[in-house]
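**Q** Take a look at this one; I'll ask things after.
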Amino acid sequence: MRGCALIWMPTSIKTRRRVSERARGLLDTSVVVDIDLIEEGVLPRECSIAAITLAELSAGLHAVTDSAQRAARQVILQYVESTFHSVPFDSDAARAYGRVYAAVLAAGRKPRGGRAVDFLIAATALSRGLPLFTRNPADFATLAELTEVVGV
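Just so you know, we're using this note's numbering here: the sequence shown kicks off at 1 and counts up by one.
Structure below.
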């Protein structure tokens, strides 16, 4: 597996892969689980994850009954825990969640239910002033006024 580590560098001048202009960012769970599929250089140089992402990955271990799938998910969880700084959902994130909740309601969407965890992750990014990198930018479209959402 590969990740942001702490700094992305271009692999070579010949490949012309660009290094993201963004120095820092928060990775959505969708990015973390697909990290091997993401072209090198599109993620920020310094990547963090929300503690909520660790919760999702930890719960995911118990969501499958197949031992091979559980083992694969355990590998991902251990990799993530050892590679990325985890940003806690703290008082600042809780206050930011109020803004996220209001924006989602104003757009006529439900802030609770299946996307609630995504909105907690977005609130974490908002509270830290970090762009949110995701494989599912449409899930965060209602938050464009609040925080930068980067589809990868």
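For each residue, glycine too, the CB sits at the ideal point set by N, CA and C.
Quick caveat: nothing in here was measured; it's all calculated off a predicted structure.
In whole angstroms, what separates the C-alpha of Leu132 from that of Asp66?
**A** Here residue 132 refers to the residue found at position 132 of the sequence shown. Here residue 66 refers to the residue found at position 66 of the sequence shown. Going by the C-alpha atoms only, they are around 32 Å apart.
**Q** In the structure shown, what three-state DSSP assignment does Leu132 receive?
**A** Taking the sequence shown and counting its residues from 1, one reaches residue 132 at position 132. The answer is strand: DSSP assigns Leu132 an E or B state.
**Q** Keeping to the same chain, check which residues put their C-beta closer than 8 Å to that of Val64; ignore five residues upstream and five downstream.
**A** Looking up residue 64 in the sequence shown gives position 64. So the qualifying residues of the chain are Arg70, Arg73.
**Q** How should Pro44 be labelled, buried or exposed, when 16 other C-beta atoms within 10 angstroms of its C-beta is the threshold for buried?
**A** Working through the sequence shown from its first residue, we reach residue 44 at position 44. Buried, by the Cβ-count rule.
**Q** If you scan the stretch 63-106 from start to end, which runs of the beta strand (DSSP E) of 3 or more residues do you find wholly inside it?
**A** 85-87
**Q** Hey, out of Ala141, Val152, Tyr97, Val149, whose CA is closest to Gly195's CA?
**A** Only positions 1 to 152 of the chain appear in this structure, which leaves residue 195 out of reach.
**Q** Answer with buried or exposed for Gly151, where buried requires no fewer than 16 other C-beta atoms within 10 angstroms of its C-beta.
**A** Here residue 151 is taken as the residue at index 151 of the sequence shown, counted from 1. By the neighbour-count rule (16 or more Cβ atoms within 10 Å), Gly151 is not buried but exposed.
**Q** Which word fits Ser127, buried or exposed, when buried means at least 16 other C-beta atoms lie within 10 angstroms of its C-beta?
**A** On the sequence shown, residue 127 is found 127 positions in, with the first residue counted as 1. Counting Cβ neighbours within 10 Å, Ser127 comes out buried, since at least 16 surround it.
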